[in-house]
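Peer 1: Structure below; questions to follow.
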């Protein structure tokens, strides 16, 4: 059931269309990520949802509430939307104690004192901040500050939680820990999450569904596994995870690599069989075979601990291959044969 | 020839010993990495070799010539024939790229055509052609770092000292630059002494790695695969990557993990052991496929990370991290949901004594 | 690694040089800065061969001195309150609302920084003196009012004029804080459910409060020790504050023991209160200043003024016209009059006075020459001494640099009249060297007064020269001296230039110190304007003030141009 609905939402800044006719529907309790390189419009989308940006076209609904509508000129200001929001730079107020930071949304809503205290304490205990209640947020670490921001967003028990790159100011190991904490909180409270990030592994690990955006245009809305294994286009393929591309030429029956003319062990779909096309594969989805397959020469081999990273020259093109540390493979300078486990095909550029 | 030799070197700051009695030899032409956690004293060692600091005891020689010793009368850094690259690049902001790179030649009294040619060669070597007349403020971080590299290389030093040169770069650039440094080293046949806290870079570029612990002691010296596959102690093992530990108990005849599942591997001697293993040492299967020597567990958390599926598995209260390649997991039906039962086997294990583990704060 | 010492600058027998530099630095600061201040305390507390507090209290309880203390406090409090309100309001207006022409307005609100307040006071005297002021006369003569509408020779008048020239201290601090503040701090309050009013009162203002307070304390410090405005406007009605009373006593009694004693006691009070203010300010700055600087940012929320937009715009323009344009114009017009008091009609105006002061009048020509040469001399000496001392403070990890830091920053808390008095005590022959009544005593005082400026600018520049830049040069094969010459010196050159101008320009308009130290032939521009005005030569004084304004404004514009291009060239 769709709870948050964006209909033909468009936002322009001067000549640039930051978000172009975006349609989305997100259900209650879903964790939904907006993913894309910087400047793709994901943050603008989030800020339109929050009410910090106007719409140039379209409407936004949450439940049975209309939030913004260009058509009817309606615009509910951010302070009336009852959302929780967490920002990248923490945005906790250094002149208020941790407790007062969390109490603020309740105070502006004139919550009775006993109720307020109960809810602040709950929010603090869910974010492991009970002991820090009296502290100044300035004395907390980055992770601590972000917990205060989370607790503050939780205090009003919102239906919708907007998260704007909430982990990218944290250390990598903390980032992972906080990711799981956010997920746990969501399970407990059942709010929907709209999560903006440029870090694809973060989005994959956290979300029920992701939206991949580019230059303001939605590219694909799907589950993380589908986005990874069945990317809608070449951009999505290259944006999610490591990627390899090989230029290929075919005459309907024989397929060779461009700039080198090496025969390929696999064939593109019929619509790409004549003329140039592009083979895409993940570095982990290439196998070394004994006798058959595409011929390459090992240009570089590096031991990276858990994996071994190869660069293989294919004529004048090159491929990156990653294998587990237990695998055996050719040495630098040796000729090898390659097979693609799950190649994808795209039209040539 | 630039063999670095450290003999019983010690350095103190006030009451604090950074390290004592440290000996090390780096033969000519090697890419040698000093790897350790931040604050362990690795930068101090580099600064001693460079001559920015003097040792309190012991002696340092480069290419057979003693450059520093506790008795004083040390060779100043400008006469040690070095190239140094700093973490913050230390590119001179008031000089153009060309002037930055040519400065060491100018100091060496080289001028005119030769200066121009050699500078140009260094510029081309680090792919900065066309940017010669730019000021450093007009360059990206990666380009500034290349200026620093070229400047360190231009006078053909036989020894390069690199202090975390890549840690201010973003991940993609870091990966690219580490290969470039390795390439340059091969091409120019120089000795590289590289200091970093990043184990992945160390593994990728080094001929040999020395691991320094947080007390300034060298725990192990060896080739990357040696260090990773045969760690000398628990510190090296846990520092080199994601590490799992499983404490074992003796119950009558059997060794057991947790609440009594018999553990199929035997420690090399004695009973008080902790098993250590990497995520890639784990074999994760469905419970019905479990053979002998597998332990029963439960998947507590599943994170799909793209190329990898990351699992948190609980075996009798102990949490373990493991990872499967996504395509492998999808093909073999090994995509577990949270709470599902699973079975865990091991490719191989490292054994550490309980006292060692306790000292390291593990288990 | 910085605690490890400037490794790049060791070796090559540099230790001897380091010792010389250190000794020289401490020596300069002790002689120029520490001795005069100590002498003031010594003279204040050491009477009849013993340490004597009772006598100090007796001096303070004399009605005149007591009144001066009270006046200083009263004027300072009034000025601080007024300018803080004006400064904060305008800062908020130009950073957080959709007021039209915000950038231009912001520039205009900073103009009073450039204008010497005693020249402003002169202009206001010409407009609002009870009998002769042009505006008062207009109301009485033309509109038939019986009494002048405003008497500038009053506390209110003094406070109003000081506010006009001091409010930028708060304005610039608050503007900076509001502009750099992370907008998500306010956005997160909004999404928490707070409206704009709640956000302004509960989030924005508390967050910039440390900046407001620190600006306010600066104004307090400045106003307590301020000479010019009170001297021009107060003396007529017998309103003295501490600096003007010190001046009055020293000047009237030609250096008698009693007057020196009163002076030193008053000066001690000034130094102690200034030290308290500085201490308080440091506390606020170190403890209270929040880390509110933005990472990635969007434009901050803007309050839509709607119906108030045009009235507020009109208000700002009127304020600028009234407080900046009007007094400046009056100065130039009066400078063009044949006789003070004539109406501003074309036949009454000419350039004759300007020609007279620039080409004929010896007194004003001497004054211009003195000011320019004193400014150049003080700026050059202070610049070079400043580089050397900052180098010791920032780069050498030697013992004794703490003393240097303290001594160098001391003049920040020592008001100009105190420095002048200290210099008189130290250099009037009592200790072997008599510079009194020469231009050299003014030079020494300028150096003491402006040393802190130079240290600040040069230290800031040197902080930017990371040790690794020097070490990189050493590793490239440069000796210590080559590294200093090729790397350090070129990099601190902008700091040195900044120091030069930071000293040269203010010294052109200096009044407080020079007025205490001048002799008939060693008048500076400020002294000449002031004394000419006292002697009733109002039009000549105004013409000289006009010339001074042109000098100052064109100099400042040049420097702004220069620093802008320098900073944009560096990216």
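Chains as they are written, first to last, in my numbering: chain Z, 12 to 360; chain X, 2 to 364; chain Y, 1184 to 1754. Virtual Cβ for every residue (Gly too), placed ideally from N, Cα, C.
(1) For residue 9 (chain Z) versus residue 306 (chain Z), is the C-beta spacing smaller than 8 Å?
(2) Is the beta carbon of residue 135 (chain Z) within less than 7 Å of some heavy atom of the ligand MN?
(3) Assign residue 144 (chain X) to buried or exposed, taking buried as 16 or more other Cβ atoms, counted over all protein chains shown, within 10 Å of its Cβ.
(4) Quick one, which of Z:258, Z:73, Z:33 and Z:37 has its alpha-carbon nearest residue 67 (chain Z)'s?
(5) Using a Cβ cut-off of 8 Å (strictly closer), state whether residue 340 (chain X) contacts chain Z.
(6) Distance, Cα to Cα, residue 57 (chain X) vs residue 1203 (chain Y)?
(7) Report buried or exposed for residue 289 (chain X), applying the criterion of at least 16 other Cβ atoms within 10 angstroms of its Cβ.
(8) Would you report the Cα separation of residue 75 (chain X) and residue 1739 (chain Y), rounded to the nearest angstrom?
(9) Give me, in chain order, the residues of the same chain whose beta-carbon lies closer than 6 Å to that of residue 1527 (chain Y); leave out the 5 immediate sequence neighbours on both sides.
(10) Under the rule that 16 or more other beta-carbon atoms within 10 Å means buried, what is residue 317 (chain Z), buried or exposed?
(11) Which residues of chain X have a Cβ atom closer than 8 Å to the Cβ of residue 216 (chain Z), listed in chain order?
(12) Name the residues in the segment 173 to 195 of chain Z whose C-beta lies less than 9 Å from a C-beta of chain X; which are they?
(13) Scan the segment 123 to 153 of chain X for residues whose Cβ lies nearer than 7 Å to a Cβ of chain Y and list them as they occur along the chain.
(14) Per DSSP, residue 1249 (chain Y) forms a beta bridge with which residues?
(15) Using a Cβ-Cβ cutoff of 7 Å, what residues of the segment 1643 to 1666 of chain Y are near chain X? List them in chain order.
(16) Report back the beta-carbon spacing between residue 1449 (chain Y) and residue 1429 (chain Y) to the nearest angstrom; my notes put them in contact at under 8 Å.
(17) Using the Cβ count rule (16 or more neighbours within 10 Å means buried), how would you classify residue 1533 (chain Y)?
(18) Take every Cβ of the segment 1545 to 1562 of chain Y, pair it with every Cβ of the segment 1684 to 1703 of chain Y, and state whether three or more of those distances are shorter than 8 Å.
(19) Which partner residues does residue 287 (chain Z) have in the DSSP bridge list?
(20) Just checking: is the beta-carbon of residue 1376 (chain Y) within a distance shorter than 8 Å of some beta-carbon in chain Z?
(21) Straight-line CA distance for residue 1273 (chain Y) to residue 1382 (chain Y)?
(22) Taking the alpha carbon of residue 313 (chain Z) as the reference point, which residue from Z:335, Z:206, Z:301 and Z:95 has its own alpha carbon closest?
(23) What does residue 209 (chain Z) reach in chain Y if we use C-beta pairs closer than 7 Å?
(24) Which residues does DSSP list as the beta-bridge partners of residue 302 (chain X)?
(25) Please name the residue in X:276, X:263, X:286 and X:315 whose C-alpha comes closest to that of residue 294 (chain X).
(26) Below 8 Å on C-beta distance, what does residue 23 (chain X) contact in chain Z?
(27) State the Cα-Cα distance for the pair residue 21 (chain X) and residue 14 (chain X), rounded to the nearest angstrom.
(28) Between the C-alpha atoms of residue 192 (chain X) and residue 217 (chain Z), what's the straight-line distance to the nearest angstrom?
(29) What did DSSP end up calling residue 1364 (chain Y) once you bin it into helix, strand or coil?
(30) Given residue 349 (chain Z), which residues of its chain have a CB within under 6 Å of its CB, disregarding the five upstream and five downstream residues?
(31) Note down, in chain order, every chain Y residue with its Cβ under 7 Å from the Cβ of residue 159 (chain Z).
(32) Tell me the DSSP bridge mates of residue 233 (chain Z)?
(33) Which residues share a DSSP beta bridge with residue 351 (chain X)?
(34) Hey, is residue 350 (chain X)'s beta-carbon within less than 8 Å of any beta-carbon in chain Z?
(35) Touching or not, the segment 94 to 107 of chain Z and the segment 1345 to 1361 of chain Y, by the rule of three or more beta carbon pairs under 8 Å?
Peer 2: In this structure, then:
(1) No answer is possible for residue 9 (chain Z): the residues shown for chain Z start at 12 and end at 360.
(2) In terms of ligand content, the structure shown is empty, and the ligand MN therefore cannot be addressed.
(3) buried
(4) Z:33
(5) no
(6) 27 Å
(7) exposed
(8) 51 Å
(9) 1516
(10) buried
(11) 304, 305, 306 and 311
(12) 187, 190, 191 and 194
(13) 138, 139 and 152
(14) None; residue 1249 (chain Y) has no bridge partner.
(15) 1649, 1651, 1652, 1654, 1655, 1657, 1658, 1659, 1660, 1661, 1662 and 1665
(16) 5 Å
(17) exposed
(18) yes
(19) Z:260
(20) yes
(21) 18 Å
(22) Z:335
(23) Per Cβ cutoff of 7 Å: no residues; residue 209 (chain Z) is ~11 Å from chain Y at best.
(24) X:313
(25) X:263
(26) Within 8 Å Cβ-Cβ: nothing; residue 23 (chain X) doesn't reach chain Z, min ~26 Å.
(27) 12 Å
(28) 45 Å
(29) strand
(30) 297, 304, 305 and 307
(31) Going along chain Y, no residue has its Cβ under 7 Å from residue 159 (chain Z), so there is no contact; the nearest lies around 11 Å.
(32) Z:221
(33) X:277
(34) no
(35) no
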